[in-house]
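Asks:
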Amino acid sequence: MRSSWKQIWPPIVAVVFFLAVWQLAVSFFDIEKWILPSPRDIGHEFAGNPAGIWDHTLATLKLTLIGFPIGTGVGLVVALLLHLMPWAKRAFYPLLILSQNVPSIALGPLLVIWFGFGLLPKMVLITLVCFFPVAVAAMGGLAQSDRVMLNYMKMAGASKWQIFTKLELPHSLPAIFSGVKISATYAVMGAVVAEWIGADKGIGYYMQLQKSAYRTDRMFVAIVIVVLLSLVLFAIIALLEKWLVRWKPRRNP
Numbered sequence: 049m050r051s052s053w054k055q056i057w058p059p060i061v062a063v064v065f066f067l068a069v070w071q072l073a074v075s076f077f078d079i080e081k082w083i084l085p086s087p088r089d090i091g092h093e094f095a096g097n098p099a100g101i102w103d104h105t106l107a108t109l110k111l112t113l114i115g116f117p118i119g120t121g122v123g124l125v126v127a128l129l130l131h132l133m134p135w136a137k138r139a140f141y142p143l144l145i146l147s148q149n150v151p152s153i154a155l156g157p158l159l160v161i162w163f164g165f166g167l168l169p170k171m172v173l174i175t176l177v178c179f180f181p182v183a184v185a186a187m188g189g190l191a192q193s194d195r196v197m198l199n200y201m202k203m204a205g206a207s208k209w210q211i212f213t214k215l216e217l218p219h220s221l222p223a224i225f226s227g228v229k230i231s232a233t234y235a236v237m238g239a240v241v242a243e244w245i246g247a248d249k250g251i252g253y254y255m256q257l258q259k260s261a262y263r264t265d266r267m268f269v270a271i272v273i274v275v276l277l278s279l280v281l282f283a284i285i286a287l288l289e290k291w292l293v294r295w296k297p298r299r300n301p
C-alpha cells in the first residue's frame, strides 16, 4: 500500500499544480472564456449537463469496447502468423509500417464510401488503429525468447507447439501487454475519430457540435472525458498484466 501511494502521489500533485497555475493564469491575464476557459469553467459546464454528456460518453465507450478487442485480436493473429512464417514477415512487415503512415482521418471518407455509414467502417478504422502496436510488440516479444532455453528444448525433442506454448508465448507476455496498453489508449481516440466520420451520438459527434458553436469549454469537457476513458482502459490492462504475469521481476524505484 505504501509503495503504491509513492507511485500515485507525484502525478496527482503535478496535475493539481498544473490546474492551479492554469486557473491563476486565466484569472490574472483575464483571458476570454471562448479562447481558454479555466478549470472551474470546465467543471461548471460538466456539472451543468451531466446526463447529456454521459449519453455521448456511453456511445463512445460502447464503440471502444467493441473495436478494441477486435483490433487486439487481429494484431495478435498477425504477429503469430508472421512469427511462424519468417518469409511472410520479411514480405509483409514493411507493408505494416507503411499502413501506419496513412492518417486515420484520411481513411474515414474512403471507409464510408466502401462500407456506408453503419458500424462496419467504424470497426475497421478502430481495428487499423489498434492492431499495429499489438502486432509489433508481440512479434518483438516472440522473437526475443531465451536462446539457451530454446536450443535446450530443441535438443530435448520439443515440438514447435511445445516451444511456442512453454517458452515463446509466456516469455513474450510482458511485451504483448505493453502493446495492448498502447492500443487501449489508441482505441478511444480511434472511436472519437470514427464518430467524426458519421454518427448521431458520441464524444466525436459532441466535439463537432461544440466546435461549430465555438464552445471551447465544452470542447475541453470532451477532451477530459477522452483522457479519463483512456486512463481507465490503460489501468484495467495494467491490472490484468499484473495478475497474469506474476513471474515478472519488479524494478526498484
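Numbering (our numbering), first residue to last: 49 to 301.
The beta-carbon is built from N, C-alpha and C at its ideal position, and this holds for glycine as well.
1. Whose CA, out of Leu143, Ala206, Val240, lies closest to the CA of Ser152?
2. Go through its chain and collect everything with a Cβ distance to Tyr234's Cβ below 6 Å, but skip five positions before and after it.
3. Are the Cβ atoms of Ala185 and Val122 separated by less than 9 Å?
4. Taking all protein chains shown into account, do 16 or more other C-beta atoms lie within 10 angstroms of the C-beta of Ile273, making it buried, or fewer, making it exposed?
5. Is the CB-CB distance between Ile83 and Phe94 below 9 Å?
6. Which residues in the same chain have their Cβ closer than 7 Å to the Cβ of Met267, if we skip the five residues on either side of it in sequence?
7. Can you find the residues in the same chain that come closer than 8 Å, C-beta to C-beta, to Leu215, ignoring five residues on each side of it along the sequence?
8. Does Ile251 pass the burial test, meaning 16 or more other C-beta atoms within 10 Å, or should it be called exposed?
9. Quick check on the burial criterion: 16 or more other C-beta atoms within 10 angstroms. Buried or exposed for Phe180?
10. Short check: CB of Leu124 to CB of Phe140, under 9 Å?
11. Can you name the start and end residues of the alpha helix (DSSP H) that Met197 belongs to?
12. Using beta-carbon positions only, say whether Ala183 and Ala232 come within less than 9 Å of one another.
13. Between the alpha carbons of Ala62 and Pro157, how many angstroms are there, rounded?
14. Have a look at Lys137 and Gly189 and give me their C-alpha separation to the nearest angstrom.
Replies: According to the data block:
1. It is Val240 whose Cα lies nearest to the Cα of Ser152.
2. The beta carbon of Tyr234 sits closer than 6 Å to the beta carbons of Val177, Cys178 from its chain, once the five residues preceding and following it are set aside; these are given in chain order.
3. No.
4. The residue is buried, with at least 16 neighbouring Cβ atoms inside 10 Å.
5. In terms of Cβ geometry, Ile83 and Phe94 do not form a close pair [threshold 9 Å].
6. Hits under 7 Å: Met255, Gln258, Lys259.
7. When the five nearest sequence neighbours on each side are left out, the beta carbons in the same chain lying within less than 8 Å of the beta carbon of Leu215 are those of Ser193, Asp194, Met197, Leu198, Met201, in order along the chain.
8. Flag for Ile251 reads buried.
9. By the 10 Å Cβ count, Phe180 comes out buried.
10. Not in contact: Leu124 and Phe140 (Cβ atoms no closer than 9 Å).
11. Start and end: 195-203.
12. The Cβ atoms of Ala183 and Ala232 do not sit closer than 9 Å to each other.
13. Ala62 and Pro157 have their C-alpha atoms roughly 40 Å apart.
14. Going by the C-alpha atoms only, they are around 14 Å apart.
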